Amino acid sequence: MTSRERASLEIDGIVQGVGFRPFVYRLALRFRLSGWVRNTGQGVQIEAEGEGGDLLAFCHALRDEAPPLAVIGSLKIENLTPAGGEGFVILDSAKAGTGGEISPDCNVCDDCLAELFDPGNRRYLYPFINCTNCGPRYSIITGIPYDRPATTMAGFAMCDDCLAEYHDPLNRRFHAQPNACPVCGPRLSLVDRAGAVVAGDPLERALAALREGRIVAVKGVGGYHLAVDACNEAAVGLLRHRKKRDEKPFAMLAADLDSVRSFVQCSELEGRLLSGVERPIVLMRKRPQTPIAEPVAPGNGWFGFMLPGNPLQHLLAHGFGGPLVMTSGNLSDEPIAYRDDEALRMLSGIADLFLTNDREIHTRTDDSVIRLYRGEPLFLRRSRGYVPRALALPGEQASVLALGAELKATLCLTRGNRGFLSQHIGDLKNAATMSSLEESAVHLQRLLEIGPELVAHDLHPDYLSTVYGQGLGLPCVAVQHHHAHMASCMAENGLDGETIGVILDGTGYGSDGTIWGGEFLVGGYQGFERRGHFAQLRMPGGDAAVKEPYRMALSALYRLHGDGLFRQPLAVCGQVQEGDRPLFLKMLEKGINAPLTSSCGRLFDAVSALLSVRHRISYEGQAAIELEALAETGSPSEPYPCLVTDGGVLDFGPAVAAICSDLATGRNRSDIARAFHRTVAAGIVEVCGGIRTASGQDRVVLSGGVFQNRLLTEDVADKLAASGFKVYCHRLVPPNDGGLALGQAVIAARFLQET
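What the sequence shown shows, in this note's numbering, is residues 720 to 1474, in sequence order.
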């Protein structure tokens, strides 16, 4: 005689909108169980009854065979008294408890893709095809539980055929909330700059326009892209001119991996990243002599490619037959356009035509960007495809809303032992981006049902995010910028206690009121000590020095030569006219509009200008990026000399002097650039060695935007590891300010815990 058992199972994580309930239903049929499954506000709840062995196998299969988009956070099982009954049913959603998670948007699954290109299928070439294993999620959800009325598909009534799929538990479109077809779902349209509909098939007319070298704004899952033929130099140049984006590289779309590999050196791992359901942009080394137009990525050894991430992109890429520039549809310093009227207003001066549709985007999400570092993925931007997946925190903590910094802004909300980073929002330099941050904060709180107990913001008093946070009526914690970077890397690596933090970036408000950016910290979430830093340089002209790196080069030379600065036989000296030189020297001598900075980013700017790589920039980080590209072509050699004082100040003055000498003797600039990178790495290891001797700490975390530099980061990490340090780097969040909010959130929660 066999015994029947009954169990209640509560599952949280990403288990809504990913086909989890029909998956449970099919498992229950397979194991001959009775009971029910339903969505709750927190996740999924199941009651199942059957023979003991079958019930146990069912519980194991829930984890082992979960749908491809599901992520099980926790599974709690409670034994119940058997109640009998026949059959297994899917109940309507119950609003019970809080703590649910939402699936990111994801690429078309293989089954839907096969239907998309099958002439005999009723969804043939339908650009909004989806099922429970794929399609839009985060960008269309307006509330929870995740049911159709709480999405932007609410206004599309399903036809009889779609309804039959939707109500069939054995169909992969069972309760697929965006389910639609050409009869009942969203439709494409092509309009001109005035919003007038262009006659003919929208897709075919858009493809014809692209072949003619015209610029087409394409409405995607999370916003508009600007598309143009990547092999048409005139068309790419026109896009640059209209978008006022002089040199920053454009991302590209290719139909498949074989196509990508004809343009770049694509490793197996890079291929897996490109092909994943998240569909990020992946930076890969250019192949020589490609047909891609030079203006796509001028002065850069890398191309950024993505594979199609939604049905429309598949249709465009396959229909066009070659690579397309697919860059964010926005104006300089503004977030990506995602509302139709907004796109027409913002982009009518750039795009010739708009390939749009009548499905509303509720949440804008820009593309994610990844590059490989030491054979592992490194986020440069974590956004579409990955947001709002939860990140594990070092432990349970209070709910915090962290607002990030000014550049590459993201938010972080925490609940229990999980943190939820928002999509990339942008640089908070204008009202449009600040409005996007506010909208994202409200939406995430509602979607994740998190009511924060306190707000964390940057220490800088004038950041727009600081002002916003202080106006929310909650307790606020101001977090020093570089402390937040250190905590971010610690948190994602699950570290507690104290570590050494090597934090290298461009600009951060220091606790002494100066501009930091080349920092050696010791501490943890509760606090830190500044144990060292790069020697300070003046920034002549203040913020102008960020956009004009020659100013930093002249500042570095002033430290060596004083009033004799402009007598040096260096090309960079010619950037200041004879009549302006006395004023420039006075700025440096008196510190007038020339604040001090320990920034590593500004040091890289200085050397870039010394080598005449870049005297002025057109996008953030350009001088350092092009210096790295030059260094990659150089031969490894001994580092230049540098000094470390008893106070842990790392002085690169001797290295600058040696670089000038090498320039005078005609040494290859690429070899100089490579030697400079090795110098910075060697200096960092020396300072860390001194800190270890004094503190006993042998764990080092590396964070800050400079650690996007692959050449430097690999050199630093390898040298530290060879010196016996345990080295921790970013993997799950960007090292730049896009990951900063995570650190702010953990620091603020520890502050609350101690007060």
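Note that beta-carbon positions come from the ideal geometry of N, C-alpha and C, so glycine has one too.
Predicted model only: the values in this text are computed from it and were never measured.
An exposed status is given to Glu-1297, since fewer than 16 other beta-carbon atoms sit within 10 Å of its beta-carbon.
The three-state secondary structure of Pro-1096, taken from DSSP, is strand. Contact between Tyr-1057 and Pro-823 does not hold, since their C-beta atoms are separated by about 16 angstroms, which reaches or exceeds 8 angstroms. The count of Cβ pairs closer than 8 angstroms, one atom from the region 834-849 and one from the region 1130-1143, stays below three, leaving the stretches out of contact. Assignment of Pro-1171 by DSSP, reduced to helix, strand and coil, places it in the coil class.
Here Phe-1139 is buried: its Cβ has 16 or more other Cβ atoms, across all protein chains shown, within 10 Å. Judged by beta-carbon spacing, Asp-1262 lies beyond the 8 angstroms limit of Lys-1148, meaning their Cβ atoms are not closer than that value.
Of the candidates Arg-1321, Gly-1260, Ala-970, the residue whose Cα lies closest to the Cα of Asp-1299 is Gly-1260. Between the region 867-886 and the region 1041-1052 there are fewer than three C-beta pairs closer than 8 angstroms, too few to call the two in contact. Apart from sequence neighbours up to five positions away, the residues of its chain that approach Ile-1403 with a beta-carbon distance below 7 angstroms are Val-1221, Val-1435, ordered along the chain. Between Ile-1080 and Gly-914, the C-beta spacing is not below 8 angstroms. In the structure shown, Arg-980 adopts helical secondary structure according to DSSP, grouped into three states. With contacts defined by Cβ atoms closer than 8 angstroms, Asp-965 and Ser-1337 form a contacting pair. Taking C-alpha positions only, Lys-795 is separated from Asp-1177 by approximately 38 angstroms. For the pair Ala-1313 and Met-1271, the CB atoms are not nearer than the 8 angstroms cut-off. In this structure Arg-1393 is not in contact with Pro-1360, their Cβ atoms being roughly 16 angstroms apart against a cut-off of 8 angstroms. With fewer than 16 other Cβ atoms from the protein chains shown falling within 10 Å of its own Cβ, Gln-1472 counts as exposed. Contact between the region 1372-1390 and the region 1283-1293 is present, with at least three C-beta pairs closer than 8 angstroms.
By the Cβ neighbour-count rule, Val-1265 is buried, with 16 or more other Cβ atoms within 10 Å of its own.
Collapsing the DSSP output to three states places Ala-918 in coil. 8 angstroms or more divides the Cβ of Glu-797 from the Cβ of Ser-722. Cα atoms of Pro-901 and Cys-1208: separation of roughly 47 angstroms, rounded to the nearest angstrom.
If the five residues before and after Asp-811 are omitted, its C-beta is found closer than 7 angstroms to the C-beta atoms of Arg-757, all from its own chain and listed in chain order.
Contact between the region 1016-1031 and the region 982-1001 is present: 3 or more CB-CB pairs across the two stretches fall below 8 angstroms. By a beta-carbon distance limit of 8 angstroms, Gly-1048 contacts Ala-936. Their separation comes to about 5 angstroms. Taking the Cβ atoms as the reference, Gln-1142 lies roughly 7 angstroms from Arg-1103, within the contact range of under 8 angstroms. Per DSSP, the unbroken alpha helix (DSSP H) holding Ile-1378 starts and ends at 1372-1384. Separation of Leu-1461 and Gln-735 (C-alpha to C-alpha, rounded to the nearest whole angstrom) is 25 angstroms.
Pro-838 counts as exposed, since fewer than 16 other beta carbons sit within 10 angstroms of its beta carbon. When DSSP states are grouped into helix, strand and coil, Ala-1111 belongs to the strand group. Between the alpha carbons of Glu-805 and Asp-1215 lies a distance of about 51 angstroms. The region 1183-1190 makes no contact with the region 1198-1212; the number of CB pairs closer than 8 angstroms stays below 3. DSSP lists Phe-1024, Val-1044 as the beta-bridge partner residues of Met-971. When the beta-carbon positions are compared, Val-1119 and Pro-1180 stay at least 8 angstroms from each other. Residue pairing from DSSP places Tyr-1447 in a beta bridge opposite Val-1420. Gln-764 has its alpha-carbon roughly 42 angstroms from the corresponding atom of Val-1419.
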